[in-house]
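Take a look at the structure below.
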Amino acid sequence: MAYVRTVKTASGATAVQIVHSSRRGSRDIEHLGSAHDSAAVAALKAVAAQRIAGGQEELDLGVGVAAGSGPLPITSSRMSHLCDAVIGVYDELGFATAADGDQVFRDLVLARIIEPTSKLGSLRVLGEAGIDPMSYPTLNRRLPVYAEPDWRRRLAAACAAHARLGPASLLLYDVTTLYFETDKADGFREPGFSKERRLEPQITVGLLTDASGFPLQIEAFEGNKAETATMMPTLRAFMAAHQLDDITVVADAGMISAAKKQAIEAAGLSFILGEKIPTVPYLIDKWHNDNPDQTPPDGLILTQPYPANAKTSFRRSQVVYYAYSADRARRSLRGINEQVAKAEKVVAGTLSVKRNRFVTLKGADKSVNRDLEAKARRLAGWKAYATNITAPTPEFVIGSYHQLWRIEKSFRMSKSDLAARPIFHRTRDSIDAHLTIVFAALAVTRVIEERSGWSIKKFVTTARRYRTIEIQAGEHTITAADPLPNDLHEVLTAIRGPH
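Per our numbering, the sequence shown starts with residue 319, numbered consecutively.
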């Protein structure tokens, strides 16, 4: 015959269990839950008694459970571990203060992390998470506020405080494009060069991060605005907002034209930039001439200083490092061999003329450009890095440049895990508000991933399964929760950090 028993747990709580059978030392036990006070224990016993009775009439245990009343009602069910972890990081970053305690914004950031979807879908996500969602009219009424420059500046200031920015801080900058499924341009959503090779109208998004890839500022530009024209407006806005006289910006060669490099230098900024190598530099040419028929050793670095003086257009001395990588050379030479082979087939007439940089066309005559081939082979494996910081070392400059993969990771995360493409938004204010929410969600996500060692997708997928529920048993409310696996418990502890 089934009976109820109580046992003490390792945490000092009292567990209530139903023993359904006990034969030859083997017991069939159903664990109902545990509690730390007598009222909750009594309520759990009432639940156990009702379950044993199976709908039969029973004595009043004094907890208000009506005889034959059926299953006890669940009054709430919440993804408490997931929501509390996300909200805890949100508050730690200072977003609650920056947003003046705006719960609608906080909940939209939470929904974006749990399951990126439309505005209306966000209400469903919040409801499923156990968070009382705002009304749809309230959501639409608040969105224009999140697009205001002052709102975004306060969030950026909170991120800058978290990153502990100073004059020596490295800032990574990159851009991406987000397209729209429409064929109508409107002055903001415009066709332009697309990183995804799309023809639809798009917007250009510039992201500024610290050296770890933690987001500091996001800016949206017209879709037909050149990438090189987005950097200086973003940097000027950031420096003005945080009253910084100098920062060290790190950017890829594709982001920098000669004019933009001069603009960065004229603004008094420090920089570490990837440089294009249009012609064979003297140092590289000299090395090959001094070492004929030899391959440069992997990791070889050649240094070219450019001291500033009265005749130079720049005010601070600059240095360019030329670094050789055997792996980079292998990949480049393979591509050169393939293109030259195709060029030879084009010249021989066995392959139709397509874009090929090694084919020279003069009227109807075709030839392989051997001079260009020789230059490409000599430059294979070399990459240039330019800087104007004080007392640079090649290890610091090249190492700092290689941190750009972190901002690329942030872009991938925002596009995939956070679904940054604003396909459900049409107006400029709505798009800007959407990007503000994505920016805050990205900041929270980067902290969670850094502390947990898990991807945000793995964390959300794992944590959302473990809920906390409240059951009403007469006059008593019982709180029950699924036991956490050890790995999730450790991750949640790590996310909470030292706070």
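Glycine is no exception: its CB is placed at the ideal position from the N, C-alpha and C atoms.
Bear in mind the structure is a predicted one, so any value in this text is a computation, not a measurement.
Per DSSP, His794 is one residue of the beta strand (DSSP E) stretching across 794 to 799. By the beta-carbon neighbour count (other beta carbons within 10 angstroms, threshold 16), Val404 is buried. Judged by DSSP secondary structure, Ala702 falls within the beta strand (DSSP E) whose first and last residues are 700 to 705. DSSP assignment within the segment 610 to 642 yields the following whole beta strand (DSSP E) runs of 3 residues or more, N-terminal first: 619 to 624, 636 to 642. Residue pairing for Glu518: DSSP places it in no beta bridge. Runs of the beta strand (DSSP E) lying entirely within the segment 529 to 616 and spanning at least 3 residues, in chain order: 533 to 540, 566 to 569, 588 to 593. For Glu788, there is no enclosing alpha helix (DSSP H); the enclosing beta strand (DSSP E) covers residues 786 to 791. Only buried fits Gly541, as 16 or more other CB atoms lie within 10 angstroms of its CB. By the Cβ test, the segment 777 to 784 is in contact with the segment 391 to 404, since at least three Cβ pairs between them sit closer than 8 Å. Contact check for Arg724 and Gly406: beta-carbon distance about 24 Å, past the 8 Å limit, so the pair fails to qualify. In the structure shown, Glu433 falls within a coil segment according to DSSP collapsed to helix, strand and coil. Annotation for Asp492: the continuous beta strand (DSSP E) segment containing it runs 488 to 497. Leaving aside the five residues that flank Leu620 on each side, the residues in its chain whose CB is nearer than 6 Å to its CB run, in chain order, Leu601, Tyr640. Annotation for Arg323: the continuous beta strand (DSSP E) segment containing it runs 321 to 326. In this structure Pro623 touches Ser635 by the C-beta definition: roughly 7 Å separates them, less than 8 Å.
The three-state secondary structure of Thr745, taken from DSSP, is coil. For the options Ala447, Phe413, Val567, the alpha carbon positioned closest to that of Val762 is the one of Phe413. Looking at the DSSP output, Leu525 shares a beta bridge with Asp492, Ile536.
When only Cα atoms are considered, Lys672 and Ser650 end up about 20 Å apart. Ranking Ile766, Ala791, Ile789, Ile787 by CA distance to the CA of Leu411 puts Ile766 first. Burial of Tyr491 is indicated by the presence of at least 16 other C-beta atoms within 10 angstroms of its C-beta. Here Val337 is bridged, per DSSP, to Tyr321, Ile347. DSSP places Arg783 in the coil class of the three-state scheme, outside both helix and strand. Shortest Cα-Cα distance from Thr393 to any of His794, Pro801, Ala812, Leu806 involves His794. The C-alpha of Glu662 lies about 8 Å from the C-alpha of Ser685. Taking the Cα positions, Ser588 is about 50 Å away from Ala682. In this structure, Lys660 is the residue among Tyr497, Lys660, Ile595, Lys604 with its C-alpha nearest to the C-alpha of Val677. Looking at the backbone, the Cα of Thr522 and that of Leu496 are separated by about 7 Å. Distance from the CA atom of Ile749 to the CA atom of Ala576, rounded to whole angstroms, is 32 Å. For Ser352, the number of other beta carbons within 10 angstroms of its own is at least 16, and it is reported as buried.
Bridge pairing for Ala353: Thr332 [DSSP]. Fewer than three beta-carbon pairs drawn from the segment 767 to 778 and the segment 327 to 338 are found closer than 8 Å, and the two stretches are therefore not classed as touching.
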